[in-house]
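Colleague: Add 35 to a position in the sequence shown, counting from 1, and you land on the number used in the working numbering. Just so it is clear, CB atoms sit at the ideal spot from N, CA and C, and this is done for glycine as well. Got a structure for you, questions after.
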Amino acid sequence: MSTIQQLARKTVQALTPYLSARRIGGRGDVWLNANEAPDCSTYQLDSSNLNRYPEFQPPQIINAYAAYAKLNSNQILTTRGADESIEVLIRTFCEAEIDSILICPPTYGMYAISAETCGVGIQQVALQTNFDVDYEAVEAAVLASNGQVKIVFLCAPNNPTGNMLDKQKLAKLLTATAGKALIVADEAYIEFCPELSQTDLIAEHENLVITRTLSKAFALASIRCGFTLAQTSVIEMMGKVIAPYPVPGPVAQIAAQALSSDGLEIMRDRVVVLNNNRQVLANAVRKLDCVTEVFPTTGNFLLVRFKDSAKVFQAFADDGIIMRDFANKPRLENCVRITIGNSDEMSRTLKTLNSL
Ligand SMILES: Cc1ncc(COP(=O)(O)O)c(C=O)c1O
36 MSTIQQLARK
46 TVQALTPYLS
56 ARRIGGRGDV
66 WLNANEAPDC
76 STYQLDSSNL
86 NRYPEFQPPQ
96 IINAYAAYAK
106 LNSNQILTTR
116 GADESIEVLI
126 RTFCEAEIDS
136 ILICPPTYGM
146 YAISAETCGV
156 GIQQVALQTN
166 FDVDYEAVEA
176 AVLASNGQVK
186 IVFLCAPNNP
196 TGNMLDKQKL
206 AKLLTATAGK
216 ALIVADEAYI
226 EFCPELSQTD
236 LIAEHENLVI
246 TRTLSKAFAL
256 ASIRCGFTLA
266 QTSVIEMMGK
276 VIAPYPVPGP
286 VAQIAAQALS
296 SDGLEIMRDR
306 VVVLNNNRQV
316 LANAVRKLDC
326 VTEVFPTTGN
336 FLLVRFKDSA
346 KVFQAFADDG
356 IIMRDFANKP
366 RLENCVRITI
376 GNSDEMSRTL
386 KTLNSL
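Here's what the structure looks like:
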């Protein structure tokens, strides 16, 4: 390690960074490894004010998102992707070297990475055998931590297993942990099953936080725009910590168009198409000899357990199809996550699987 590297914080020296799909890379022409949307709309950009700093929280997107989520504008914070929301929550509510977050693996990797980079501890309560949240164990862990666990991250649809939350059990957990810990429901993929959102619980529970993104169903992963939904008390605290100009002006312009009534219609049409493609894929995959398990179908991805995932992964790679490999993650042996693409991409995926 160079002398400059030795200057870095010890936790950063030891850190293995999150391997995003882009960092892992791949070779091919069918990209099904990052849960992105397969299509892209066009947007108008006005460059006449690029010399000015953007608004701290651009009202046109805050108001549009509030209307879309059926909440008040002061219950919404916009961030650079949902990833920034996760980090700002940790920096706002967790004392470095003292507090912890609680995660339920296997789940999205950024909760742990963000905690690590902030010097915040990580407690784990594994998902149950069927990959649902073990609410009683989570409640017990929060209560036993003597105030150390400040944030519980739950993900629904859970990336990568697709499991959802149970509203009644979540409400009970929120009540039991009120005043002790925030319960974050990461709804990055909720547009694919909007009836299962937990936003209606926000009015009753000050400790519920919901994170959202335009990266998935809205097909805008490139612009890095996310949202935090919670009671005003939480939003105000996060507003003290977040960067002074979190959302670039051009991003706000694009996001406002995506959240207009036309934009929402395009998004909802996309969801219908992708949910249908997912069902077709799931039905076909279930019949294959090389498949041992198909996980719940809730987001724009499908986790599949194969008899020999290394062979399947190689066959995809040989055919120029890039998937996300979960085989080396605990409890996800032989699992590959397939992002739902357009019908051509799904046909190519099935062609490769059928050739095995
Ligand atoms: C569960 C989950 N939460 C959050 C994110 C990050 O979203 P964003 O692109 O808005 O940072 C992802 C991205 O894959 C995700 O899968």
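Can you tell me the Cα-Cα spacing of M145 and A256, whole angstroms?
Modeller: Cα-Cα distance, rounded: 16 Å.
Colleague: Given a cut-off of 7 Å on the beta-carbon distance, is the pair P281 and T114 in contact?
Modeller: Yes; because the gap between Cβ atoms is below 7 Å, this pair is in contact.
Colleague: Given 6 Å as the limit, tell me if C129 has its C-beta closer than that to any heavy atom belonging to ligand 1.
Modeller: For ligand 1, not one heavy atom lies less than 6 Å from the Cβ of C129.
Colleague: Are the region 148 to 163 and the region 42 to 59 in contact at 8 Å, needing three or more beta carbon pairs?
Modeller: Enough Cβ pairs lie closer than 8 Å, so yes.
Colleague: For D118, I'd like the list of residues in its chain whose CB is within less than 6 Å of its CB, leaving aside the five on either flank, ordered along the chain.
Modeller: M145.
Colleague: Distance, Cα to Cα, V155 vs I121?
Modeller: Cα to Cα, V155 sits roughly 13 Å from I121.
Colleague: Going by the CB atoms, is the gap between R126 and V244 shorter than 7 Å?
Modeller: Cβ atoms of V244 and R126: not closer than 7 Å.
Colleague: Drop a sphere of 10 angstroms on the beta-carbon of K386, count the other beta-carbons inside from all chains shown, and report buried for 16 or more, exposed for fewer.
Modeller: Per the 10 Å Cβ criterion, exposed.
Colleague: Is S232 a contact residue of ligand 1, with contact defined as CB to any heavy atom under 6 Å?
Modeller: No, Cβ of S232 sits at least 6 Å from all heavy atoms of ligand 1.
Colleague: So does the region 196 to 215 actually touch the region 173 to 186, counting three or more Cβ pairs closer than 8 Å?
Modeller: Yes, the region 196 to 215 is in contact with the region 173 to 186.
Colleague: What separation, rounded to the nearest whole angstrom, lies between the Cα atoms of Q233 and A254?
Modeller: Cα to Cα, Q233 sits roughly 22 Å from A254.
Colleague: Using 7 Å as the threshold, is the C-beta distance between A309 and N335 below it?
Modeller: Checking the displayed sequence, the identity of residue 309 turns out to be Leu instead of Ala. Against a cut-off of 7 Å, the Cβ pair of N335 and L309 comes out as a contact.
Colleague: Identify the continuous alpha helix (DSSP H) that holds S120 and give its terminal residues.
Modeller: Where S120 is concerned, the enclosing alpha helix (DSSP H) stretches over G116 to F128.
Colleague: With a CB to CB cut of under 8 Å and the five nearest residues on each side skipped, what residues in its chain are close to C228?
Modeller: Taken in chain order, the residues that qualify are P192, M199, T333 and G334.
Colleague: Answer with buried or exposed for V307, where buried requires no fewer than 16 other C-beta atoms within 10 angstroms of its C-beta.
Modeller: Answer is exposed; the Cβ neighbour count stays below 16.
Colleague: Kindly indicate the opening and closing residues of the beta strand (DSSP E) around V307.
Modeller: Looking at the DSSP string, V307 is not in any beta strand (DSSP E); the run it does join, the alpha helix (DSSP H), is S296 to R321.
Colleague: Could you tell me the distance, in whole angstroms, from the CA atom of S382 to the CA atom of P279?
Modeller: Rounded to the nearest angstrom, the two C-alpha atoms are 46 Å apart.
Colleague: Just confirm the distance between the C-beta atoms of V339 and V320, as a whole number of angstroms; I'd bet it's less than 8 Å.
Modeller: Yes, V339 and V320 are in contact; Cβ-Cβ is about 6 Å, under 8 Å.
Colleague: So, for N109: in the same chain, excluding its five sequence neighbours on each side, which residues have a beta-carbon less than 7 Å away from its beta-carbon?
Modeller: Hits under 7 Å: T267 and I270.
Colleague: For a quick check, are the C-beta atoms of P63 and I356 less than 7 Å apart?
Modeller: Sequence check: residue 63 is Gly here, not Pro. Yes, they are a contact pair.
Colleague: Ligand 1: which residues have Cβ under 6 Å from any of its heavy atoms, chain order?
Modeller: My final list is N70, G116, A117, D118, Y143, C190, N194, D221, A223, T248, S250, A256 and G261.
Colleague: Just the C-alpha distance for K185 and I136, rounded to the nearest angstrom, thanks.
Modeller: Going by the C-alpha atoms only, they are around 6 Å apart.
Colleague: Below 8 Å on the Cβ atoms is my guess for L106 versus I225; work out the distance and round it to an integer in Å.
Modeller: Their Cβ separation, rounded to whole angstroms, is 14 Å, which puts L106 and I225 out of contact at 8 Å.
Colleague: In whole angstroms, what is the alpha-carbon distance linking W66 and R372?
Modeller: Roughly 12 Å between the two C-alpha positions.
Colleague: Quick check: N242 and I258, are their CB atoms within less than 7 Å of each other?
Modeller: The answer is no: Cβ separation not under 7 Å.
Colleague: In terms of DSSP beta bridges, what is V339 paired with?
Modeller: In DSSP, V339 forms a bridge with V329 and V371.
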